[in-house]
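What follows is a set of notes on a single structure, which appears directly below.
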Amino acid sequence: MAFIDLHIHTTASDGIFTPKEIIHWAYKKNLKAIAITDHDTIDGLEEALEEGKKYNIEVIPGIEISTNYNNLEIHILGYYIDYEDLSLHKWLSQIRISRYIRAKKIIEKLNNLGFKITMDEIINIVGTGTIGRPHIAKALINHNYVKDKKEAFEKYLGKGKPAFVERYKITPIEAIKNILHHKGVPVLAHPGLINNNDFIFIIEYLINNGLQGLEVFHPKHNYDVEKKYYNIAKKYNLLITGGTDYHGDLINGKPILGNLNINEKYLKPLKLRKRINIGV
2 MAFIDLHIHT TASDGIFTPK EIIHWAYKKN LKAIAITDHD TIDGLEEALE EGKKYNIEVI
62 PGIEISTNYN NLEIHILGYY IDYEDLSLHK WLSQIRISRY IRAKKIIEKL NNLGFKITMD
122 EIINIVGTGT IGRPHIAKAL INHNYVKDKK EAFEKYLGKG KPAFVERYKI TPIEAIKNIL
182 HHKGVPVLAH PGLINNNDFI FIIEYLINNG LQGLEVFHPK HNYDVEKKYY NIAKKYNLLI
242 TGGTDYHGDL INGKPILGNL NINEKYLKPL KLRKRINIGV
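Under our numbering, residues 2 to 281 are what the sequence shown spells out, in order.
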(Lines of atoms letter the chains of each structure in order from A; the text may use other names.)
(Lines give C-alpha, C1' and ligand atoms only; values in the text may rest on other atoms or scores of the structure.)
Protein backbone atom coordinates (compact mmCIF):
# COMPACT_ATOMS: atom_id res chain seq x y z
CA MET A 2 0.00 0.00 0.00
CA ALA A 3 1.30 3.47 -0.91
CA PHE A 4 0.82 6.58 1.20
CA ILE A 5 0.41 10.29 0.54
CA ASP A 6 0.68 13.57 2.48
CA LEU A 7 -1.38 16.46 1.14
CA HIS A 8 -0.56 19.25 3.58
CA ILE A 9 3.07 20.36 3.74
CA HIS A 10 4.77 23.71 4.34
CA THR A 11 8.27 24.75 3.25
CA THR A 12 10.61 27.69 3.76
CA ALA A 13 8.50 29.50 1.15
CA SER A 14 6.18 30.26 4.08
CA ASP A 15 6.76 29.15 7.69
CA GLY A 16 8.23 25.68 7.23
CA ILE A 17 11.74 24.71 8.31
CA PHE A 18 12.79 22.68 5.26
CA THR A 19 13.26 23.87 1.69
CA PRO A 20 11.06 22.38 -1.04
CA LYS A 21 14.02 20.29 -2.19
CA GLU A 22 14.61 18.96 1.34
CA ILE A 23 10.92 18.09 1.65
CA ILE A 24 11.18 15.94 -1.47
CA HIS A 25 14.22 14.15 -0.05
CA TRP A 26 12.34 13.36 3.17
CA ALA A 27 9.28 12.25 1.22
CA TYR A 28 11.51 9.86 -0.72
CA LYS A 29 12.97 8.45 2.49
CA LYS A 30 9.44 7.99 3.84
CA ASN A 31 8.43 6.15 0.63
CA LEU A 32 5.58 8.55 -0.07
CA LYS A 33 3.94 8.23 -3.47
CA ALA A 34 2.62 11.79 -3.63
CA ILE A 35 2.75 15.00 -1.63
CA ALA A 36 1.17 18.43 -1.87
CA ILE A 37 3.10 21.61 -1.16
CA THR A 38 0.60 23.94 0.50
CA ASP A 39 2.46 26.99 1.76
CA HIS A 40 0.59 29.85 3.39
CA ASP A 41 -0.60 32.41 0.83
CA THR A 42 2.28 31.71 -1.55
CA ILE A 43 3.23 29.46 -4.46
CA ASP A 44 6.92 30.38 -4.43
CA GLY A 45 8.13 26.90 -3.47
CA LEU A 46 6.22 24.95 -6.10
CA GLU A 47 8.61 25.00 -9.05
CA GLU A 48 11.55 23.76 -6.97
CA ALA A 49 9.43 20.98 -5.46
CA LEU A 50 7.99 19.91 -8.82
CA GLU A 51 11.43 19.77 -10.42
CA GLU A 52 12.93 17.80 -7.54
CA GLY A 53 9.93 15.48 -7.42
CA LYS A 54 10.64 14.37 -10.99
CA LYS A 55 14.13 13.21 -9.96
CA TYR A 56 12.73 10.97 -7.21
CA ASN A 57 9.56 9.87 -9.00
CA ILE A 58 7.37 11.53 -6.38
CA GLU A 59 4.17 13.16 -7.57
CA VAL A 60 4.06 16.75 -6.36
CA ILE A 61 0.65 18.40 -6.31
CA PRO A 62 0.86 22.18 -6.67
CA GLY A 63 -1.12 23.63 -3.80
CA ILE A 64 -1.63 26.54 -1.45
CA GLU A 65 -3.23 27.28 1.93
CA ILE A 66 -5.14 30.54 2.11
CA SER A 67 -5.77 32.11 5.52
CA THR A 68 -9.27 33.58 5.70
CA ASN A 69 -11.70 35.08 8.19
CA TYR A 70 -15.41 34.41 8.61
CA ASN A 71 -17.26 36.16 11.45
CA ASN A 72 -13.98 36.39 13.41
CA LEU A 73 -13.27 32.68 12.88
CA GLU A 74 -9.95 31.78 11.29
CA ILE A 75 -10.67 29.41 8.43
CA HIS A 76 -7.99 27.97 6.16
CA ILE A 77 -8.77 26.92 2.61
CA LEU A 78 -6.47 24.52 0.78
CA GLY A 79 -6.23 24.74 -3.00
CA TYR A 80 -4.98 21.69 -4.91
CA TYR A 81 -3.76 21.56 -8.52
CA ILE A 82 -3.84 25.35 -8.67
CA ASP A 83 -2.54 26.95 -11.87
CA TYR A 84 0.56 28.46 -10.31
CA GLU A 85 1.75 29.94 -13.63
CA ASP A 86 -1.31 32.19 -14.01
CA LEU A 87 -0.18 35.82 -13.69
CA SER A 88 -3.51 36.91 -12.20
CA LEU A 89 -2.92 34.46 -9.34
CA HIS A 90 0.51 36.01 -8.74
CA LYS A 91 -1.09 39.47 -8.64
CA TRP A 92 -3.71 38.42 -6.10
CA LEU A 93 -1.13 36.71 -3.88
CA SER A 94 1.19 39.73 -4.04
CA GLN A 95 -1.59 41.81 -2.48
CA ILE A 96 -1.82 39.30 0.35
CA ARG A 97 1.97 39.32 0.75
CA ILE A 98 2.00 43.12 1.05
CA SER A 99 -0.72 42.97 3.71
CA ARG A 100 1.35 40.42 5.64
CA TYR A 101 4.37 42.76 5.53
CA ILE A 102 2.33 45.72 6.79
CA ARG A 103 0.91 43.58 9.59
CA ALA A 104 4.38 42.42 10.62
CA LYS A 105 5.61 46.02 10.81
CA LYS A 106 2.73 46.91 13.13
CA ILE A 107 3.52 43.90 15.34
CA ILE A 108 7.18 44.92 15.54
CA GLU A 109 6.14 48.45 16.52
CA LYS A 110 4.01 47.05 19.34
CA LEU A 111 6.86 44.82 20.52
CA ASN A 112 9.24 47.80 20.43
CA ASN A 113 6.79 49.77 22.58
CA LEU A 114 6.85 46.86 25.03
CA GLY A 115 10.64 47.21 25.27
CA PHE A 116 11.72 44.42 22.92
CA LYS A 117 14.64 45.38 20.68
CA ILE A 118 13.59 43.65 17.48
CA THR A 119 13.84 45.18 14.01
CA MET A 120 12.04 44.54 10.76
CA ASP A 121 15.41 43.79 9.14
CA GLU A 122 15.85 40.87 11.54
CA ILE A 123 12.48 39.46 10.58
CA ILE A 124 13.24 39.80 6.87
CA ASN A 125 16.53 37.91 7.39
CA ILE A 126 14.64 35.12 9.16
CA VAL A 127 11.99 34.97 6.45
CA GLY A 128 14.49 34.90 3.58
CA THR A 129 12.55 34.45 0.36
CA GLY A 130 9.47 33.16 2.16
CA THR A 131 6.17 34.76 3.09
CA ILE A 132 6.27 36.66 6.37
CA GLY A 133 4.14 35.52 9.29
CA ARG A 134 3.92 35.59 13.07
CA PRO A 135 6.05 32.41 13.45
CA HIS A 136 8.99 34.37 12.03
CA ILE A 137 8.48 37.09 14.64
CA ALA A 138 8.27 34.38 17.30
CA LYS A 139 11.63 33.08 16.06
CA ALA A 140 13.15 36.54 16.57
CA LEU A 141 11.79 36.64 20.13
CA ILE A 142 13.37 33.23 20.75
CA ASN A 143 16.69 34.36 19.26
CA HIS A 144 16.77 37.26 21.73
CA ASN A 145 15.87 34.94 24.62
CA TYR A 146 12.69 36.94 25.27
CA VAL A 147 10.74 33.67 25.17
CA LYS A 148 11.78 30.04 25.28
CA ASP A 149 9.66 28.77 22.38
CA LYS A 150 6.98 29.65 19.82
CA LYS A 151 4.18 28.56 22.15
CA GLU A 152 5.25 31.08 24.78
CA ALA A 153 5.62 33.81 22.14
CA PHE A 154 2.03 33.36 21.02
CA GLU A 155 0.59 32.88 24.50
CA LYS A 156 2.27 36.01 25.88
CA TYR A 157 2.55 38.42 22.96
CA LEU A 158 1.48 37.36 19.46
CA GLY A 159 -1.78 35.49 19.95
CA LYS A 160 -5.23 37.03 19.60
CA GLY A 161 -5.94 39.43 22.46
CA LYS A 162 -2.26 39.62 23.48
CA PRO A 163 -0.25 42.89 23.68
CA ALA A 164 1.40 42.66 20.25
CA PHE A 165 -1.47 41.12 18.32
CA VAL A 166 -2.53 42.79 15.07
CA GLU A 167 -5.50 41.65 12.99
CA ARG A 168 -4.65 40.25 9.57
CA TYR A 169 -6.00 41.56 6.29
CA LYS A 170 -9.34 39.79 6.18
CA ILE A 171 -9.88 37.61 3.14
CA THR A 172 -13.19 35.77 3.24
CA PRO A 173 -13.28 32.00 2.67
CA ILE A 174 -15.58 32.65 -0.29
CA GLU A 175 -12.96 34.92 -1.87
CA ALA A 176 -10.36 32.17 -1.40
CA ILE A 177 -12.65 29.46 -2.82
CA LYS A 178 -13.59 31.57 -5.84
CA ASN A 179 -9.95 32.42 -6.57
CA ILE A 180 -8.88 28.79 -6.28
CA LEU A 181 -11.65 27.71 -8.65
CA HIS A 182 -10.86 30.58 -11.03
CA HIS A 183 -7.27 29.36 -11.18
CA LYS A 184 -8.30 25.77 -11.95
CA GLY A 185 -7.76 24.45 -8.44
CA VAL A 186 -9.77 22.26 -6.07
CA PRO A 187 -10.81 24.06 -2.83
CA VAL A 188 -10.76 22.02 0.39
CA LEU A 189 -11.49 23.11 3.96
CA ALA A 190 -8.34 22.60 6.05
CA HIS A 191 -8.48 20.96 9.51
CA PRO A 192 -12.22 21.56 10.13
CA GLY A 193 -11.89 20.03 13.58
CA LEU A 194 -9.96 23.11 14.69
CA ILE A 195 -12.83 25.47 13.89
CA ASN A 196 -14.24 26.14 17.34
CA ASN A 197 -17.84 27.02 16.59
CA ASN A 198 -21.20 25.41 17.30
CA ASP A 199 -22.47 26.39 13.86
CA PHE A 200 -19.83 24.38 11.99
CA ILE A 201 -22.45 22.52 9.91
CA PHE A 202 -23.97 25.83 8.82
CA ILE A 203 -20.49 27.10 7.95
CA ILE A 204 -19.66 23.99 5.92
CA GLU A 205 -22.99 24.17 4.08
CA TYR A 206 -22.37 27.85 3.38
CA LEU A 207 -18.93 27.05 1.95
CA ILE A 208 -20.30 24.14 -0.11
CA ASN A 209 -22.94 26.41 -1.61
CA ASN A 210 -20.12 28.73 -2.65
CA GLY A 211 -17.90 26.11 -4.27
CA LEU A 212 -16.11 24.14 -1.53
CA GLN A 213 -15.29 20.66 -2.84
CA GLY A 214 -13.58 18.79 -0.01
CA LEU A 215 -12.77 18.37 3.68
CA GLU A 216 -9.38 17.66 5.20
CA VAL A 217 -10.52 14.73 7.34
CA PHE A 218 -7.09 13.39 8.34
CA HIS A 219 -4.95 15.80 10.37
CA PRO A 220 -2.57 15.39 13.35
CA LYS A 221 -4.92 17.37 15.60
CA HIS A 222 -7.98 15.32 14.66
CA ASN A 223 -8.55 12.38 16.98
CA TYR A 224 -10.47 9.30 15.88
CA ASP A 225 -13.87 10.74 16.80
CA VAL A 226 -13.18 13.97 14.92
CA GLU A 227 -11.97 12.05 11.88
CA LYS A 228 -15.09 9.90 11.94
CA LYS A 229 -17.37 12.95 12.25
CA TYR A 230 -15.87 14.78 9.29
CA TYR A 231 -15.54 11.61 7.24
CA ASN A 232 -19.29 11.11 7.62
CA ILE A 233 -19.99 14.77 6.82
CA ALA A 234 -17.86 14.51 3.68
CA LYS A 235 -19.78 11.42 2.59
CA LYS A 236 -23.14 13.05 3.35
CA TYR A 237 -22.38 16.12 1.24
CA ASN A 238 -20.45 14.24 -1.47
CA LEU A 239 -17.22 16.05 -0.67
CA LEU A 240 -13.67 14.94 -1.39
CA ILE A 241 -11.74 13.47 1.54
CA THR A 242 -8.14 14.60 1.96
CA GLY A 243 -5.52 14.64 4.68
CA GLY A 244 -2.00 15.60 5.59
CA THR A 245 0.37 16.20 8.45
CA ASP A 246 0.27 20.01 8.12
CA TYR A 247 4.02 19.60 8.24
CA HIS A 248 6.14 22.61 9.23
CA GLY A 249 9.34 20.83 10.28
CA ASP A 250 8.49 18.91 13.45
CA LEU A 251 10.83 16.06 14.33
CA ILE A 252 10.39 12.91 16.40
CA ASN A 253 13.65 11.17 17.31
CA GLY A 254 15.40 13.28 14.68
CA LYS A 255 13.01 12.29 11.90
CA PRO A 256 10.25 14.43 10.35
CA ILE A 257 6.63 13.53 11.05
CA LEU A 258 6.07 14.02 7.33
CA GLY A 259 3.87 11.18 6.09
CA ASN A 260 3.25 9.78 9.58
CA LEU A 261 -0.54 9.70 9.19
CA ASN A 262 -0.25 6.88 6.63
CA ILE A 263 -2.97 8.31 4.39
CA ASN A 264 -3.98 5.81 1.74
CA GLU A 265 -3.28 6.79 -1.86
CA LYS A 266 -6.90 5.91 -2.72
CA TYR A 267 -7.91 9.44 -1.69
CA LEU A 268 -5.78 10.90 -4.48
CA LYS A 269 -7.76 9.51 -7.43
CA PRO A 270 -11.03 11.38 -6.66
CA LEU A 271 -9.01 14.58 -6.18
CA LYS A 272 -7.44 14.15 -9.61
CA LEU A 273 -10.84 13.46 -11.14
CA ARG A 274 -12.28 16.62 -9.59
CA LYS A 275 -9.36 18.59 -11.03
CA ARG A 276 -10.17 17.27 -14.50
CA ILE A 277 -13.86 18.14 -14.07
CA ASN A 278 -12.97 21.65 -12.89
CA ILE A 279 -10.89 22.39 -15.97
CA GLY A 280 -13.32 20.66 -18.31
CA VAL A 281 -11.06 17.85 -19.47
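Even for Gly, the Cβ is constructed at its ideal location relative to N, Cα and C. None of the values given here were measured: they were computed from a predicted structure.
Separation of ILE171 and HIS8 (C-alpha to C-alpha, rounded to the nearest whole angstrom) is 21 Å.
Nearest in C-alpha terms to ASP44, of all of LYS54, ASN253, LYS55 and PRO62, is PRO62. ILE279 sits exposed, since fewer than 16 C-beta atoms from the chains shown fall within 10 Å of its C-beta. Judged by beta-carbon spacing, TYR80 lies beyond the 8 Å limit of VAL217, meaning their Cβ atoms are not closer than that value. A residue is called buried when at least 16 other Cβ atoms come within 10 angstroms of its Cβ; THR19 meets this threshold and is buried. The residue among ALA13, LEU32, LYS21 and ILE17 with its C-alpha nearest the C-alpha of ILE263 is LEU32.
The C-beta of PRO163 has fewer than 16 other C-beta atoms within 10 Å across all chains shown, which makes the residue exposed. With 16 or more other CB atoms across the displayed protein chains lying within 10 angstroms of its CB, THR131 is buried. Shown here for LEU194: same chain residues with a beta carbon closer than 7 Å to its own, the five before and five after excluded, namely LYS221 in chain order. Inclusion of GLU122 and ALA140 in the CB contact set at 8 Å is warranted, their separation being smaller than that value.
When secondary structure is reduced to three states using DSSP, ASN125 falls in the helix class. The residue among ASN69, ILE64 and ILE23 with its C-alpha nearest the C-alpha of ALA49 is ILE23. Apart from sequence neighbours up to five positions away, no residue of its chain approaches ILE201 with a beta-carbon distance below 6 Å. With 16 or more other CB atoms across the displayed protein chains lying within 10 angstroms of its CB, TYR146 is buried.
DSSP places TYR146 outside both helix and strand once states are collapsed to three, so it counts as coil. Within its own chain, the residues whose Cβ lies closer than 8 Å to the Cβ of TYR237, once the five positions on either side in sequence are excluded, are ILE204, GLU205 and ILE208, listed in chain order. Going by C-alpha positions, LEU73 is about 17 Å away from ASP41. Here ALA34 is not near ILE66, since their CB atoms are 8 Å or more apart. Excluding its 5 nearest sequence neighbours in each direction, GLY133 has C-beta neighbours in its own chain below 7 Å: SER14, ASP15, HIS40 and ARG100, listed in chain order.
Inside the segment 33 to 100, DSSP marks whole alpha helix (DSSP H) runs of 4 or more residues at positions 46 to 56, from first to last along the chain. A distance below 7 Å between beta-carbons, with the five flanking residues on each side excluded, links VAL127 to the following residues of its chain, in chain order: HIS136. Judged by beta-carbon spacing, THR68 lies within the 8 Å limit of PRO173, meaning their Cβ atoms are closer than that value. Rounded to the nearest whole angstrom, the C-alpha separation of ILE118 and LEU158 is 14 Å. In the DSSP annotation of this structure, the continuous segment of the alpha helix (DSSP H) that includes PRO20 starts and ends at 20 to 29. Annotated as distal: LEU240 and GLY211, with beta-carbon spacing of 8 Å or more.
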